Amino acid sequence: MTASTTRSTVIDTYIGPAVDRYLTRFGERVAELGYPGTPLIMQSNGGAVPLEAARRRTVNMFVSGPAAAVTAAAEIALSSAMPNVISVDVGGTSCDVCLIADGMPETTVKGSAEFSVDGLPLNVVMTDIVTIGAGGGSIAHRDAGGMLKVGPQSAGADPGPACYERGGTAFTLTDAMLLLGLLDPAKALPGNIALRPELSQDAAAPLAASLDLTPVELAERVYRIVVANMAQALRRVSVNRGHDPRSFTLLACGGAGPLIAVALAAEIGMDKILIPPHPGIFSAYGLAIADVRIDYVRADGAVPTDTLSKPALQERVDGLRAQAMAEFTGLGYPADGLELRYFVDARYVGQGYEL
0 MTASTTRSTV
10 IDTYIGPAVD
20 RYLTRFGERV
30 AELGYPGTPL
40 IMQSNGGAVP
50 LEAARRRTVN
60 MFVSGPAAAV
70 TAAAEIALSS
80 AMPNVISVDV
90 GGTSCDVCLI
100 ADGMPETTVK
110 GSAEFSVDGL
120 PLNVVMTDIV
130 TIGAGGGSIA
140 HRDAGGMLKV
150 GPQSAGADPG
160 PACYERGGTA
170 FTLTDAMLLL
180 GLLDPAKALP
190 GNIALRPELS
200 QDAAAPLAAS
210 LDLTPVELAE
220 RVYRIVVANM
230 AQALRRVSVN
240 RGHDPRSFTL
250 LACGGAGPLI
260 AVALAAEIGM
270 DKILIPPHPG
280 IFSAYGLAIA
290 DVRIDYVRAD
300 GAVPTDTLSK
310 PALQERVDGL
320 RAQAMAEFTG
330 LGYPADGLEL
340 RYFVDARYVG
350 QGYEL
């Protein structure tokens, strides 16, 4: 057993009982409400599994929410005849970025640095998402050296940005966008949330004064910092992995994604932007359309291709196929309705990431 597999097993064992109890109660409640079907649970690989299968693989639920948005992005990209997109999902606390090539989201078996244990990878198939702490509720502040920073601290939904008039006093990205005119104070947000620009001004005043700026000048700097941070995340999933982002379409989703899309595309040099309908509930759409998917992984360490024989490779493939067929038919899915896809993580000697 590899070290990453051991870590995954330990985490699955640790969180499994609590998640199992939660899923059991959820299934019972759904049945009480009269739903005749089998509930599906979203997974980190961008697919869903029946509730019983999810109970056996609790570790695979990591980052399932962000993965749902990527699933939706891939479907929208294909239906829009734009199969190569970089999805940028900006919510209240974070920004999740994923590259989709030929309609297929990038995945990783090791997991990204944001979803590892002490920086060490897990042996879990995940949608390859880079996450940074930048969202609508991200708070502007000065660090120990006096530099202006935005996030990762967030006002969240409660109390939320100062302009929501729900008790928040910190100056957030949403407040900055309101002062810059990117949000219209005459239009209430969903949930009948009225925007109060004067409260954003009040929240900005102390920080702006400490930097010898006006509130609007502070808002401009906050916005530019966030765009620069998101651009760096976008480069990590593209340039750092051999892709030219200028040949991709920027798909902006999440409640705040479209408000940053134009500036972000300009920063990177991208000339196409795709904004789906109702971007604020994009992850929910991904949940609704996700196919049932289970990944089976065999980790043999780094094996030079010149030492791997065809019979040995076929043996590995046949073993994974038998495992998949047994589980899916056991869950009630007919064998002739399954689609099997095979992937190999490989790298050149000296390369720091898998192809």
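Start counting the sequence shown at 0; every next residue gets the next number (numbering that gives the first Met the number 0).
Backbone N, C-alpha and C fix where the C-beta goes; we use that ideal spot for every residue, glycine too.
Fair warning: this is a prediction, and the values are worked out from it, not measured in the lab.
- Looking at the DSSP output, L249 sits in a beta bridge with I85 and I272.
- Within the segment 252-323, complete alpha helix (DSSP H) segments of at least 4 residues are found at 256-267 and 281-288, given in chain order.
- Just measuring C-alpha positions, the residue of V87, M41 and K148 sitting nearest A232 is V87.
- Between N122 and A298 a beta carbon distance of about 6 Å is seen, short of the 8 Å cut, so the two are scored as contacting.
- Here DSSP, grouped into helix, strand and coil, assigns Q200 to helix.
- For C94, the beta-bridge partners assigned by DSSP are V89 and I131.
- Rounded to the nearest whole angstrom, the C-alpha separation of S237 and L98 is 7 Å.
- Within 10 angstroms of the beta-carbon of L312 lie fewer than 16 other beta-carbons, which makes it exposed.
- Note that the C-beta distance between I288 and T70 is below 8 Å.
- L178 sits close to P196, with the two beta carbons spaced by under 8 Å.
- Runs of beta strand (DSSP E) with 3 or more residues, each lying fully within the segment 136-162, are found at 137-141 and 147-153, listed in chain order.
- Collapsing the DSSP output to three states places A185 in coil.
- Nearest neighbour of L147 by Cα position, chosen from T5, A230, D211 and D201, turns out to be D211.
- Annotation for V236: no beta strand (DSSP E) segment contains it, though the alpha helix (DSSP H) segment containing it runs P214 to V236.
- Nearest to V129 by C-alpha distance, out of T107, Y21 and L194, is T107.
- In the structure shown, the three-state DSSP call for A66 is helix.
- Secondary structure note for L39: its beta strand (DSSP E) is the uninterrupted segment L39 to M41.
- The straight-line gap separating the alpha-carbon atoms of C252 and D305 is approximately 44 Å.
- The segment 46-58 and the segment 343-350 do not touch, with fewer than 3 CB-CB distances between them shorter than 8 Å.
- Note on L263: 16 or more other CB atoms within 10 angstroms of its CB, so buried under the neighbour-count rule.
- Leaving aside the five residues that flank A156 on each side, the residues in its chain whose CB is nearer than 8 Å to its CB run, in chain order, G91 and G136.
- For A47, the enclosing beta strand (DSSP E) starts and ends at A47 to P49.
- Across the structure, A203 and Q152 are spaced so that their CA atoms are roughly 16 Å apart.
- Between P244 and I85, the C-beta gap is smaller than 8 Å, which places the two residues in contact.
- Ranked by Cα distance from G285, the first of S63, F327 and F25 is S63.
- The beta-carbon distance between P160 and G167, rounded to whole angstroms, is 6 Å. This is short enough to meet the 8 Å contact definition.
- With a beta-carbon spacing of about 7 Å, T248 and N83 fall inside the 8 Å limit used to define contacts.
- With respect to the 8 Å criterion, A133 and C94 are classified as neighbours on the basis of their beta carbons.
- Partner residues in a beta bridge of P205, as assigned by DSSP, do not exist.
- For A207, the closest alpha carbon among the candidates A100, D101 and G145 is that of G145.
- When DSSP reads this structure, T126 sits in a beta bridge with T106.
- Under the three-state reduction of DSSP output, T12 falls in the helix class.
- I192 is bridged by DSSP to L188.
- Collapsing the DSSP output to three states places A345 in coil.
- With contacts defined as CB atoms closer than 8 Å, I280 and V89 fail to qualify as a contacting pair.
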